[in-house]
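Here the structure comes first, spelled out in structure tokens, and everything after it is commentary.
Residue numbers (my numbering), protein chains in the order written: chain A, 37 to 413; chain B, 37 to 413.
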């Protein structure tokens, strides 16, 4: 049976969960991290390279794909899987976050959003119904409901209205959703108003979606505020459905999410930072343009199986200093591999009831206390 | 024994040769095409992807590497093979062509060239002796002698002086060359003055280099002038040494070179054109931004094993229209694969004494007479 969440084990020391989520295109081991393939491509990463990072599910952005090439073109080219060549599960967001963050002149009413494309100013409309239709045309495995995202900090009134509207929109999305090979996740909103978050989670839970996302976080608030919010939201979500923290985040944010019972994450950070010469390692971030690496024959990270780590730090630095495309490519692959290895290690730690200790070890490394590099930062 | 040219077969209908050239790092099947890895990377192509195109030998540019990161840095990082991870043979040029084409304020005297880097204006000197030293530090398998390249058209006097100087410089390069795991190729100059070309070839042949290059062509002259020049030069070169036509070229130029007995080629065209959305195919070039491909579900080229051809034309177009890095990456890989398949087919055609017919077939396809695409161009 498709779209089944299975709880395999709960860590004895915290709320971390080890589970699986099955879809028509395969089963995803949870907790999982989804690389972001905004426009049908994880920037600079070829399909097989992406597979070899260990990724099991990839995210595509509805907003970007409806603007270019248009969901009808993707559909004519066989849907998102045939289009991109990625055969495993894919999740598409609803466009709600991009309307908030990217589109120009967007106007949001109860009916939906009207906005102009950030590319050429062309006018688009995105209602809950249209978001469902676009995602059905894209033929993703997991579709997100359209939500109304607002920035933080904000007044309680604004946050409450957007939360209430998001619930109404979620219902509209559910009502028109037809594609049987696709499941739909709802999105909990409510800013940092914990009571609103709890209400939203409970109301959406009652609607029985395929999974539940926590949205509207990682939009400028302090990390601890996000963690505190998760402490309130995750207990209010159904036990038997996957939980997805949208757009998060740094490795430490992901561990804190897992610790609180979150199963799924996505973020552009590993790919975007990789393009900008910043590598994630167990000794904390390394900035590859740093002069100290000029003649460094060591790999970026010992034991990492990625192609970047089969070269020297000196070579990687050279690629960035000369503007060679291969620098961003290799570092993106490394960072995605780093995130996937972190998730695999986290899954094992949960299975062995040592997730809390695992986090402590990771933090010690990231804070530089175990490192010997020239830029422990 | 390293650095041995072996003639396997000569086509019965033309001067095309099927041979091998052995180096300490492996044997290259001739005729061969060398992808250009200017600064220690074939732009956008990861090592394994490059191997899978079928490439057996890669070119590195001495000028670019001495400017950044500097040959001493490459040496400290283990030499060009360890630096880049490419374990098969590598050829480095001498910097002569870049001084002609790229460097600023270059001044050439009998001693050598003084120029300013095109990057930051830093002053460099490149004498024959220095070119040998740099290439020994880079630790390539085949080093080129420093030559004096002049543009075409030019006066006979200028061409003759540069040719004579190139011979004197070749001798100086030979005198100081010490690295036993590296062989040295001489470069025939002489512009389109056939008598000068012949003299140059004979004088260099007498010096017994490991191989012979034909330089100073493909610099603006009509293709037929280059072919006519090859008709004069190749018969004047030793039978038992490989022949390398530098910086060439289009698929048809390569076939015409092979037809006249050339064994080795290099050119940025497959990679540069690939980055600019132009694909080489048996039906001639395709321009991937063309609107006709928007919903085209067919692959770029039937039967091509490259990753670009496992997607649709519509997807490739989308990548270019949205500026995704993966577009240039995939098309570079396709074009390099196309060139390598062309060389493999050419080698087989020579073995079977049908190289002339093979060329005719290829020309028929490229001219569009067998194509059914929307832009046969």
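C-beta atoms are modelled at their ideal positions from N, C-alpha and C, and glycine is treated no differently.
It should be emphasised that the depicted structure is a prediction, and the values quoted were computed from it without experimental measurement.
For residue 281 of chain A, there is no enclosing alpha helix (DSSP H); the residue is found in the beta strand (DSSP E) stretching over 279–281. Of all residues in the stretch 114–134 of chain B, those with a C-beta nearer than 8 Å to a C-beta of chain A are 114, 118, 119, 120, 121, reading in chain order. Around the beta carbon of residue 67 of chain A, a 10 Å sphere encloses 16 or more other beta carbons of the protein chains shown; the residue is thus reported as buried. Between residue 62 of chain A and residue 92 of chain A, the CB-CB gap stays under 9 Å.
For a Cβ distance threshold of 7 Å, residue set 121 of chain A lies close to residue 347 of chain B, ordered along the chain. In the DSSP assignment, the residues bridged to residue 322 of chain A are A:315. DSSP places residue 64 of chain B inside the beta strand (DSSP E), whose first and last residues are 62–66. Taking the beta carbon of residue 112 of chain A as reference, the chain B residues within 7 Å of it are 331, listed in sequence order. Closest option to residue 212 of chain B, judged by alpha-carbon separation, among B:149, B:45, B:182: B:182. Nearest CB-CB separation between residue 361 of chain B and chain A: below the 9 Å threshold.
With distances taken between CA atoms, residue 126 of chain A lies nearest to A:96 out of A:358, A:110, A:228, A:96. Neighbourhood of residue 350 of chain B in chain A, by CB distance below 8 Å: 105, 109, 112, 113, 119, in chain order. At the C-beta level, residue 249 of chain A and residue 272 of chain A stay beyond 9 Å of one another. When the alpha-carbon of residue 351 of chain B is set against those of B:325, B:65, B:399, the nearest one is in B:325.
With a cut-off of 8 Å on Cβ pairs, the stretch 334–351 of chain A is not in contact with the stretch 102–113 of chain A, counting fewer than three such pairs. In the three-state reduction of the DSSP assignment, residue 368 of chain A falls in the helix class, which pools H, G and I. Per DSSP, residue 201 of chain B is one residue of the alpha helix (DSSP H) stretching across 192–212. Under DSSP, residue 159 of chain A takes part in a beta bridge, and its partners are A:152. Take the alpha-carbon of residue 392 of chain B and the one of residue 307 of chain B: they are about 27 Å apart. The beta carbon of residue 230 of chain B is closer than 6 Å to those of 268 in its chain, skipping five residues each way along the sequence.
Annotated as distal: residue 49 of chain B and residue 264 of chain B, with beta-carbon spacing of 9 Å or more.
With contacts defined as CB atoms closer than 9 Å, residue 76 of chain B and residue 311 of chain B fail to qualify as a contacting pair. For residue 338 of chain B, the nearest beta carbon of chain A is not closer than 9 Å to its own beta carbon. Contact check for residue 173 of chain B and residue 111 of chain B: beta-carbon distance about 4 Å, within the 8 Å limit, so the pair qualifies. Neighbours of residue 266 of chain B in chain A, taken as residues at a C-beta separation under 8 Å, are lacking, since the least C-beta distance is about 33 Å. Residue 239 of chain A is a Cβ neighbour of residue 203 of chain A, given a cutoff of 9 Å. For residue 79 of chain A, at least one C-beta of chain B is nearer than 9 Å to its own C-beta. With respect to chain A, the C-beta atom of residue 397 of chain B has no partner C-beta closer than 9 Å. Membership of residue 79 of chain A in any beta strand (DSSP E) is not indicated, and neither H nor E is assigned to it by DSSP. In the structure shown, residue 102 of chain A falls within a helical segment according to DSSP collapsed to helix, strand and coil. Among the residues of the stretch 55–66 of chain B, none has a Cβ less than 7 Å away from any Cβ of chain A. Under the 9 Å criterion on CB atoms, residue 154 of chain B is classed as non-interfacial with respect to chain A. Residues are counted here when their Cβ sits less than 7 Å from a Cβ of chain B; for the stretch 269–298 of chain A the count is zero.
Residue burial is scored here from C-beta neighbours: residue 256 of chain A has fewer than 16 other C-beta atoms within 10 angstroms and is therefore classed as exposed. Judged by their CB atoms, residue 132 of chain A and residue 184 of chain A are nearer to each other than the 9 Å cut-off. A Cβ-Cβ distance of about 13 Å is found for the pair residue 167 of chain A and residue 218 of chain A, leaving them out of contact under the 8 Å criterion.
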